[in-house]
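Trainee: Can you read through this structure? Questions will come right after.
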Amino acid sequence: MLPFRTVRPLARLPFLLGFLAFACTFAPSEEYFKEIEQVSAMAYIDLSTYNETDTILLDHPTTFNFNVDISNPSTLEQVEIILDSKPSFSSYTPRGDFTLSPLNIPPGLHQLTIQFKAKSNSGSLADNVGAEYFQVWKTWVLKVVKYDIDPPQVPDLKITETDGRLRLDWTPYTKKNFISYTLKLSFPQEHEIVFTDPLTTHWVDSSFLWGSATFALTVSNTFGTASNNTRIDEPQTLTVTYDATDTTASLKWKPSRFYKAFSKVVITENTTVRETLTSASDSSLTVKLKEVLWGRSESIMLQLFSTNKQLDPFESREFISPAFVKMLRNRPNLYYNSGINKVIGHSPLSSLVYFYDDQMHATDSVTRYTSTISVPYFGNFIYYVNNNRIVTWNVTTNEQVYSFDNSSYTIEPSSIHGSANAMASYFTFDWRYGSDAHASEVIVNTVDNSFIEKTESNYDIKDSYPPISRILSDDGRFSLDVHNRTLYKLQGGRQPIGSLPYLGAFFSFRPDNNDEILLTTSGSLSIISSNDLSLLRTITIPAGYTVSSYDPVTHYVVCEKMNATVVYLINIDTNNTKIFPAYSTGWGMINGYIYNYGRQYMKVL
Amino acid sequence: MRTILVVMALILSRNGYAQVHISAGTGIGWFSMKEFHDFQEHLRSSFPVAARITEQFPAYVIYDASIAWQLRRTGFLGVYYQYGSTGGRIHYKDYSGEIYSDQLFHYNTIALNAGEALEFGKNYSLRVDLHPGATFTSLELLSVTKIGDQRYQESYKFHSINATMQPTFELTKTWGNFGLKLSAGYHIAVYAGKVKLKGNKNAILLGSSTDPIAASWDGLRLGLSGIYIIGRRLGEEE
Numbered sequence: 000m001l002p003f004r005t006v007r008p009l010a011r012l013p014f015l016l017g018f019l020a021f022a023c024t025f026a027p028s029e030e031y032f033k034e035i036e037q038v039s040a041m042a043y044i045d046l047s048t049y050n051e052t053d054t055i056l057l058d059h060p061t062t063f064n065f066n067v068d069i070s071n072p073s074t075l076e077q078v079e080i081i082l083d084s085k086p087s088f089s090s091y092t093p094r095g096d097f098t099l100s101p102l103n104i105p106p107g108l109h110q111l112t113i114q115f116k117a118k119s120n121s122g123s124l125a126d127n128v129g130a131e132y133f134q135v136w137k138t139w140v141l142k143v144v145k146y147d148i149d150p151p152q153v154p155d156l157k158i159t160e161t162d163g164r165l166r167l168d169w170t171p172y173t174k175k176n177f178i179s180y181t182l183k184l185s186f187p188q189e190h191e192i193v194f195t196d197p198l199t200t201h202w203v204d205s206s207f208l209w210g211s212a213t214f215a216l217t218v219s220n221t222f223g224t225a226s227n228n229t230r231i232d233e234p235q236t237l238t239v240t241y242d243a244t245d246t247t248a249s250l251k252w253k254p255s256r257f258y259k260a261f262s263k264v265v266i267t268e269n270t271t272v273r274e275t276l277t278s279a280s281d282s283s284l285t286v287k288l289k290e291v292l293w294g295r296s297e298s299i300m301l302q303l304f305s306t307n308k309q310l311d312p313f314e315s316r317e318f319i320s321p322a323f324v325k326m327l328r329n330r331p332n333l334y335y336n337s338g339i340n341k342v343i344g345h346s347p348l349s350s351l352v353y354f355y356d357d358q359m360h361a362t363d364s365v366t367r368y369t370s371t372i373s374v375p376y377f378g379n380f381i382y383y384v385n386n387n388r389i390v391t392w393n394v395t396t397n398e399q400v401y402s403f404d405n406s407s408y409t410i411e412p413s414s415i416h417g418s419a420n421a422m423a424s425y426f427t428f429d430w431r432y433g434s435d436a437h438a439s440e441v442i443v444n445t446v447d448n449s450f451i452e453k454t455e456s457n458y459d460i461k462d463s464y465p466p467i468s469r470i471l472s473d474d475g476r477f478s479l480d481v482h483n484r485t486l487y488k489l490q491g492g493r494q495p496i497g498s499l500p501y502l503g504a505f506f507s508f509r510p511d512n513n514d515e516i517l518l519t520t521s522g523s524l525s526i527i528s529s530n531d532l533s534l535l536r537t538i539t540i541p542a543g544y545t546v547s548s549y550d551p552v553t554h555y556v557v558c559e560k561m562n563a564t565v566v567y568l569i570n571i572d573t574n575n576t577k578i579f580p581a582y583s584t585g586w587g588m589i590n591g592y593i594y595n596y597g598r599q600y601m602k603v604l
Numbered sequence: 000m001r002t003i004l005v006v007m008a009l010i011l012s013r014n015g016y017a018q019v020h021i022s023a024g025t026g027i028g029w030f031s032m033k034e035f036h037d038f039q040e041h042l043r044s045s046f047p048v049a050a051r052i053t054e055q056f057p058a059y060v061i062y063d064a065s066i067a068w069q070l071r072r073t074g075f076l077g078v079y080y081q082y083g084s085t086g087g088r089i090h091y092k093d094y095s096g097e098i099y100s101d102q103l104f105h106y107n108t109i110a111l112n113a114g115e116a117l118e119f120g121k122n123y124s125l126r127v128d129l130h131p132g133a134t135f136t137s138l139e140l141l142s143v144t145k146i147g148d149q150r151y152q153e154s155y156k157f158h159s160i161n162a163t164m165q166p167t168f169e170l171t172k173t174w175g176n177f178g179l180k181l182s183a184g185y186h187i188a189v190y191a192g193k194v195k196l197k198g199n200k201n202a203i204l205l206g207s208s209t210d211p212i213a214a215s216w217d218g219l220r221l222g223l224s225g226i227y228i229i230g231r232r233l234g235e236e237e
């Protein structure tokens, strides 16, 4: 039997054993240590041009380029741009840029930090649980100054000549918010040049020589633009002095200020190059013209070439006329009246009747609204049509006598011929008779309005000859019916003399001697008698020439030929012949003056 | 315990047996923990680094104690207690820190002393004991991570109950009332209970195959105990 005194100690045994057990409970102690070398990294931070400085001045919006790197095996995780301890930009690439603007940062000193975090990639426990990084940073003092947001001021532009070239200067823009200068040039074609360097404040143009050009400059900054423009006008003038005595032309022009752009001067007569000058300082030249001829277009052209072949040359063309050639105003039709011994001109363009002296100076002019006048060689009358009436104008007394009213005809009197004895011939139409015109060919005595002849007919426009005025001799003794070449004698009526012989086409009654009629044909001028139509004499005309004019004062005819370089002047009484240099056709002669279509004139007899 | 001892003493005294063996000793135990080998491997694979299993449930010291009454000349009956512990470790360490996971096991077995004793020679006896009983397991899963001077630790505690037997041969030599006992047995889990989280019986520990795993303490037990004998041996004159 177990005594009770032993039970109490035994009851404590489990507690004792438990204590011993817990005191000797298994506790793991083995460890596994892996030898890993710590990564020793080389890193750098590059901030564009600020690597060598510790202070950055921020006075305009600036874009900074950063570049960071770390040696293997470490790899970049994130780049942060920190401004005053506040991250303002982050990137997951090693290169990039960020922009700081003084508009967004208060003026003063700040701290700019570029910091990047790179995973060590050491393979360690800390690396594997994402707790082992390299943190690399670099810090700058950022000095922020107030940013000017005003647009640029309008630049001043100035054009000067510098070393023989055109130079355009403009006021520089010195603020940091500069973007560009844009220069727009108007030549050789409109184009632009952009300057992004604020220190560029001039432009030298090596090609401008002459003419006009516009330069427009626009200054751009971050907040706007300002423009100004200037213009250069360098007009070139060519002065040509022609000496008709030796056919030399003296040319004068201005040498260019911008001589470095000069290439050459070319002088061209018509289409033939006569001279080429290569000296920029040359400004005159005398050249003997080889092709000048009255009546033909003659030009002398100056061409100034720039070194820039894209530029068209400056050209000035002067047309040459012989210096002694003058010209009548308003291109009048010219007549000679022996009654007042004057050349009379009528200009339908100006409705003026001129009276010229012997030097062809207009000494008087009278307004006459008419399309045509008739000036007989003899007497004092000039005939014209006004308001359907024939007006007989006595140029000595200035009296004007109006004939009867022809307004019963729808077409007023046309193709008027007047004579020294106050007779006039003309024709009229009257369309009121239907498709066939009622035509009237008339010779009338303008003093008593009696008809010497009045031939009326129905004029069928389809198969009839149009009505033609009878041609009156200047003295009024003869008339010619052009339809049938019948010559009439007008004395107490109208008596036919006969038909003109076929020696040539009727040219005119000889104005200064109506007893003679001039007939022309190729190669000859026949003079026949008005009284009996007999051939009085024949004037030989040079081959190919035709008679274009007869001067009743000098008794010379003008013979001209298409594209010929001379005209022949032949006296129809003496056969004296003169040759005068004049080009082609269109020549007339009056009172010893030869004139052309444009009424340039020259005294030749 | 006191009540048990008193009751057993009364029972034994009524049967006329006076000898009581009280023993306490220590020894070494080997532990199967087969399912936790897989569990460890599974756990290791989840480490962020290539950790190693540095401890895998090694044999370790056990302690036991018993009190037994001799019921007749060869039979005995009593109470047996055994305490054991082992553990596992997955570990990794380098210059940057350390990470490990410990699986700390211990158990308490309460069993009966029930067997037969064979005496041979003077003062020698050989006993065979089945030790039927229950084993109460405690498990602590400890995870520690040290990075630099930072330390992160998590701990979860589990428990389970197994029905066990431990057939044991015990060789005893006595000197008067004292003696020494050499024992050799094999721990067998007749039934292995699920390992449950303390405080939440519905939370059980799963292995890599997502099946519940059990703490298997199966294995050899070797022990050496000191014995104190109270009372006279049967057949001896007082």
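Line by line, the protein sequences are chains A and B.
Counting from 1, position 195 in the first sequence corresponds to residue 194 in numbering that gives the first Met the number 0; the numbering is continuous, with no gaps.
Counting from 1, position 96 in the second sequence corresponds to residue 95 in numbering that gives the first Met the number 0; the numbering is continuous, with no gaps.
Here a beta-carbon is modelled for each residue, glycine too, at the ideal position from N, C-alpha and C.
Every value quoted in this text rests on a predicted model; they were computed, and no experiment measured them.
Might you give, ordered along the chain, the residues of its own chain that have their beta carbon closer than 8 Å to the beta carbon of Thr236(A), omitting 5 neighbours on each side?
Mentor: Trp252, Lys253, Ser315, listed in sequence order.
Trainee: Alpha carbon to alpha carbon, how far is Tyr458(A) from Leu499(A)? Give it in angstroms, no decimals.
Mentor: 25 Å
Trainee: Which residue wins for smallest C-alpha separation from Leu111(A), given the options Lys325(A), Leu57(A), Val566(A), Gly344(A)?
Mentor: Ranking Lys325(A), Leu57(A), Val566(A), Gly344(A) by CA distance to the CA of Leu111(A) puts Leu57(A) first.
Trainee: Throw me the rounded Cβ distance for the Phe426(A) and Ser468(A) pair, which I believe falls under 8 Å.
Mentor: Confirmed, Cβ separation roughly 5 Å.
Trainee: Nearest-angstrom Cα distance between Gly198(B) and Gln152(B)?
Mentor: 20 Å
Trainee: Indicate whether the contact test is met: 3 or more Cβ pairs, each with one atom in the segment 68–78 of chain A and one in the segment 120–132 of chain A, closer than 8 Å.
Mentor: yes
Trainee: I'd like to know if Gly26(B) contacts chain A, where contact means its C-beta is closer than 7 Å to some C-beta of that chain.
Mentor: no
Trainee: Does Glu131(A) come out as helix, strand or coil in the three-state DSSP assignment?
Mentor: If DSSP states are grouped into helix, strand and coil, Glu131(A) belongs with coil.
Trainee: Do Arg166(A) and Val203(A) come within 7 Å of each other at the CB atom, strictly closer than that value?
Mentor: yes
Trainee: Kindly confirm or deny that the segment 511–530 of chain A and the segment 385–394 of chain A touch, where touching means at least three C-beta pairs closer than 8 Å.
Mentor: no
Trainee: Using a Cβ cut-off of 7 Å (strictly closer), state whether Lys195(B) contacts chain C.
Mentor: Checking the listed chains, one finds no chain C in this structure; the protein chains it contains are A and B.
Trainee: Any C-beta of chain B sitting closer than 7 Å to the C-beta of Ala125(A)?
Mentor: Using a CB distance cut-off of 7 Å, Ala125(A) counts as an interface residue toward chain B.
Trainee: Are the segment 176–190 of chain B and the segment 143–151 of chain B touching by the rule of at least three beta carbon pairs closer than 8 Å?
Mentor: Contact between the segment 176–190 of chain B and the segment 143–151 of chain B is absent: fewer than 3 CB-CB pairs across the two stretches fall below 8 Å.
Trainee: Below 8 Å, can you find three or more Cβ-Cβ pairs linking the segment 142–149 of chain A to the segment 125–134 of chain A?
Mentor: no
Trainee: Which runs of the beta strand (DSSP E), 3 residues or longer, sit entirely within the segment 431–456 of chain A?
Mentor: 436–444
Trainee: I need the straight-line Cα distance from Leu223(B) to Ser22(B), nearest angstrom please.
Mentor: 10 Å
Trainee: Taking the beta carbon of Ile98(B) as the centre, do at least 16 other beta carbons fall within 10 Å, making it buried, or is it exposed?
Mentor: buried
Trainee: I need the boundaries of the alpha helix (DSSP H) containing Asp37(B), first residue and last residue.
Mentor: 33–44
Trainee: Is it buried or exposed for Val443(A), if we count other Cβ within 10 angstroms and need 16 for buried?
Mentor: buried
Trainee: What's the C-alpha gap between Asn122(B) and Thr171(B)?
Mentor: The straight-line gap separating the alpha-carbon atoms of Asn122(B) and Thr171(B) is approximately 8 Å.
Trainee: Buried or exposed for Arg126(B), going by 16 or more other Cβ atoms inside 10 Å?
Mentor: buried
Trainee: Can you tell me the Cβ-Cβ gap for Asn332(A) and His345(A), rounded? I've got them flagged as a contact below 8 Å.
Mentor: 5 Å
Trainee: Please confirm if Thr85(B) has its CB atom under 7 Å from at least one CB of chain A.
Mentor: yes
Trainee: Is there at least one non-hydrogen atom of the ligand HEM closer than 6 Å to the beta-carbon of Pro166(B)?
Mentor: As presented, the structure is devoid of all ligands, the ligand HEM included, so that no description of it is given.
Trainee: Which full runs of the beta strand (DSSP E) of 3+ residues lie inside the segment 147–174 of chain A, going along the chain?
Mentor: 156–161, 164–169
Trainee: Please go through the same chain and pick out, in chain order, the residues whose beta-carbon is closer than 7 Å to the beta-carbon of Thr195(A), but skip the five residues on each side of it.
Mentor: Ser179
Trainee: So, Gly218(B) versus Ser31(B), is the Cβ gap smaller than 7 Å?
Mentor: yes
Trainee: Closer than 7 Å, CB to CB, is Ile187(B) near chain A or not?
Mentor: no
Trainee: Can you tell which of Pro106(A), Asp168(A), Ile80(A) has its C-alpha closest to the C-alpha of Phe97(A)?
Mentor: Ile80(A)
Trainee: Quick check on DSSP: helix, strand or coil for Tyr408(A)?
Mentor: coil
Trainee: Where do the ends of the beta strand (DSSP E) carrying Gln399(A) lie?
Mentor: 399–401
Trainee: Terminal residues of the continuous beta strand (DSSP E) containing Gly225(B)?
Mentor: 218–229
Trainee: With which residues is Lys142(A) paired in a DSSP beta bridge?
Mentor: Leu56(A), Leu108(A)
Trainee: For Thr271(A) and Pro580(A), I'd like the C-alpha separation in whole angstroms.
Mentor: 21 Å
Trainee: Name the two residues that bound the continuous beta strand (DSSP E) containing Phe428(A).
Mentor: 422–428
Trainee: Straight-line CA distance for Ala64(B) to Thr85(B)?
Mentor: Whole-angstrom Cα-Cα distance: 19 Å.
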